[in-house]
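*Asks:* Residue numbers (my numbering): 1 to 351.
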Amino acid sequence: MSPPDFTLIEKLRKENIDQFFTLVRMHLSFVVDINTDDVDCSTDKPKQQFRWNFKKSKSCTANSSQTNTNTKNNTEINSITEDGIARVYELIDFLSKEDNVKQEGIFRRTGSLSRQQELRQLLLTGSGLALDEGRFTVHDCASVLKGFIAELPQPLLMDQYYQTYCTLAAQYPATAESSESKLLLALQLLLLLLTPVHRSFLERLLKLLRVAADNEASNRMSPDTLATMFTPHLLCPRKLSPETFHSDSLALAPLVSFMIRHALALFAPPARLVTDIAAYFTVRERKRLVSPQLLDESISDRTAANTIYTFVDRTRTRVENATNPTDTALAQLYAHIQVIIIVLTTEWRSG
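1. Near Arg109, what residues of its chain come up, given a Cβ to Cβ distance below 7 Å and the 5 sequence neighbours on each side ignored?
2. Compute the minimum distance between the beta carbon of His198 and the heavy atoms of the ligand NAD, and state whether it is under 8 Å.
3. Leaving out the 5 sequence neighbours to the left and right, which residues in its chain are closer than 6 Å to Glu203 when beta-carbon positions are compared?
4. Using a Cβ-Cβ cut-off of 6 Å (strictly less than) and excluding sequence neighbours within five positions of Glu10, which residues of its own chain qualify?
5. Output needed for Lys239: all residues of its chain with C-beta closer than 6 Å, excluding positions within five of it in sequence on either side, in chain order.
6. To the nearest angstrom, report how far apart Val274 and Leu95 are at their CA atoms.
7. Three or more beta-carbon pairs under 8 Å between the stretch 242–261 and the stretch 173–180, yes or no?
8. Using DSSP with H/G/I as helix, E/B as strand and the rest coil, what is Leu12?
9. Taking Cβ positions, are Ala354 and Leu8 nearer each other than 9 Å?
10. From the DSSP output, in three-state form, read off Pro173 for me.
11. Return the first residue and the last residue of the alpha helix (DSSP H) that Gln117 is part of.
12. Alpha carbon to alpha carbon, how far is Pro242 from Glu297? Give it in angstroms, no decimals.
13. Sort Val101, Ile34, Phe6 and Phe281 by Cα distance to Ala212 and report the nearest one.
14. Using 8 Å for Cβ pairs, my map puts Ile92 next to Leu208. What's the rounded Cβ distance?
15. So, under 8 Å CB-CB, Leu252 and Leu235 are touching, yes? Tell me the CB distance rounded to an integer number of Å.
16. Measure the CB-CB distance between Leu190 and Thr164 and report whether it falls below 9 Å.
17. My understanding is that Asp224 touches Ser257, with C-beta atoms under 8 Å, so please give their C-beta distance in whole angstroms.
18. Please return the same chain residues whose Cβ sits closer than 7 Å to the Cβ of Glu90, not counting the five positions on each side in sequence.
19. For the stretch 109–118 against the stretch 138–152, do three or more pairs of beta-carbon atoms, one drawn from each stretch, fall closer than 8 Å, so that the two count as touching?
20. How close, in whole Å, do the beta carbons of Val32 and Leu168 come, if the pair is a contact with beta carbons under 8 Å?
Written out as structure tokens, the structure reads:
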């Protein structure tokens, strides 16, 4: 995601998450045949999905004694610290290295179970991994990473969006070139619904799998092979029966293969969504200028998210823009100005 557009999207997520979800779901409904009310975008504080019992770093535990015992236990059992996820990223970075990602059978061969258990304990305790010293093989590291993902209580792409992915896979076969652009757009929107920690982890993982697939000639791991291995962990709810789990994994594997092949474009911001977010902020600023009391930040934001696109057909879109050209032009101008401001700020800081 380009920095200026990413900043604008994250600005809306942080300032008004309800309107953020409304806009994303609205755009999603334009490309996927679903009822947006069926897309559960809970704005409650998300439950942490990573349940390895990572030990906190010393700097974190120094303050933990001030909390009560129950809170401390719940934190240690049910969550992952930033320090912990950084350790898992160490595995991804190690596996992404040119010599390592070319190893034949990466993610397929199991390696040594005893070494994997040792590596897992090092991850949990925060001890130095020293992966470059050769103590653990590429297959050890790949197996531990895959095990980490498999042991999540929910698939990385979340149970609540499972039916949407099933609908998407049926509506846009991943192997059909004619549906490629719409499928990519729908996936870009769906991934915006994930919490930042899920999204960041998924991005790092898919880019690793893309690099692995690019080296298929050496490691014999194609996008389809990798998708077959990772689809159960990324998409399939744990509560499915064994038969359904297996059949759904096979049905959804082409979708995950598509995600691997397009990993570099998958996290780019949908241009029309960015324009609508810019329009939202434009309308909000206009309201604040007209009603000075809205300048009080303690007053909740009542600006409703909307779209300047109809997506029903091109004729209606042109009519909408002709009927309300001011908002359309202002939205585009706002987006352009935001890019200039961010670029100038970056240059000033680097200077």
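For each residue, glycine too, the CB sits at the ideal point set by N, CA and C.
*Replies:* Working from what's here:
1. Translated into the one-based positions of the sequence shown, residue 109 becomes position 109. Cβ within range, chain order: His139.
2. Looking for the ligand NAD in the displayed structure turns up nothing, as the structure carries no ligands at all.
3. As a working mapping, residue 203 is identified with position 203 in the sequence shown. Excluding sequence neighbours, Glu203 sits near Phe267.
4. By 1-based counting over the sequence shown, the position of residue 10 is 10. Answer for Glu10: no residue qualifies.
5. Position 239 of the sequence shown, counting from 1, holds the residue named residue 239. Once the five neighbours on either side are set aside, Lys239 has no close Cβ partner at all.
6. By one-based count along the sequence shown, residue 274 stands at place 274. By one-based count along the sequence shown, residue 95 stands at place 95. Those two C-alpha atoms are separated by around 34 Å.
7. yes
8. By one-based count along the sequence shown, residue 12 stands at place 12. DSSP places Leu12 in helix when its eight states are reduced to three.
9. The requested residue 354 does not occur in the structure, where the chain is confined to residues 1 to 351.
10. As a first step, residue 173 must be located in the sequence shown, where it is residue number 173. Three-state DSSP puts Pro173 in coil, outside helix and strand.
11. On the sequence shown, position 117 is the one that residue 117 refers to. Gln117 -> alpha helix (DSSP H) spans Leu113 to Thr125.
12. Numbered from its first residue, the sequence shown carries residue 297 at position 297. Numbered from its first residue, the sequence shown carries residue 242 at position 242. Below a pLDDT of 50, predicted positions are generally treated as unreliable, and Glu297, at 45, falls in that range; the measurement from the model is reported next regardless. For Glu297 and Pro242, the distance between alpha carbons rounds to 52 Å.
13. Against the sequence shown, residue 212 aligns to sequence position 212. That would be Val101, whose Cα lies nearest to the Cα of Ala212.
14. As a first step, residue 92 must be located in the sequence shown, where it is residue number 92. As a first step, residue 208 must be located in the sequence shown, where it is residue number 208. Right, their Cβ atoms sit about 5 Å apart.
15. Stepping through the sequence shown from its first residue, residue 252 is reached at position 252. Stepping through the sequence shown from its first residue, residue 235 is reached at position 235. The pair is a contact, with the Cβ atoms about 5 Å apart (cut-off 8 Å).
16. Here residue 190 corresponds to residue number 190 of the sequence shown, with the count starting at 1. Here residue 164 corresponds to residue number 164 of the sequence shown, with the count starting at 1. Yes, Cβ-Cβ distance for Leu190 and Thr164 is below 9 Å.
17. Walking along the sequence shown from the start, residue 224 turns up at place 224. Walking along the sequence shown from the start, residue 257 turns up at place 257. About 5 Å separates the two Cβ atoms, so the contact holds.
18. In the sequence shown, the residue the question calls residue 90 occupies position 90. Around Glu90: Leu129 and Leu131.
19. yes
20. Along the sequence shown, read from residue 1 onward, the residue named residue 32 stands at position 32. Along the sequence shown, read from residue 1 onward, the residue named residue 168 stands at position 168. Going by Cβ atoms, the distance from Val32 to Leu168 rounds to 6 Å, so yes, they are a contact pair.
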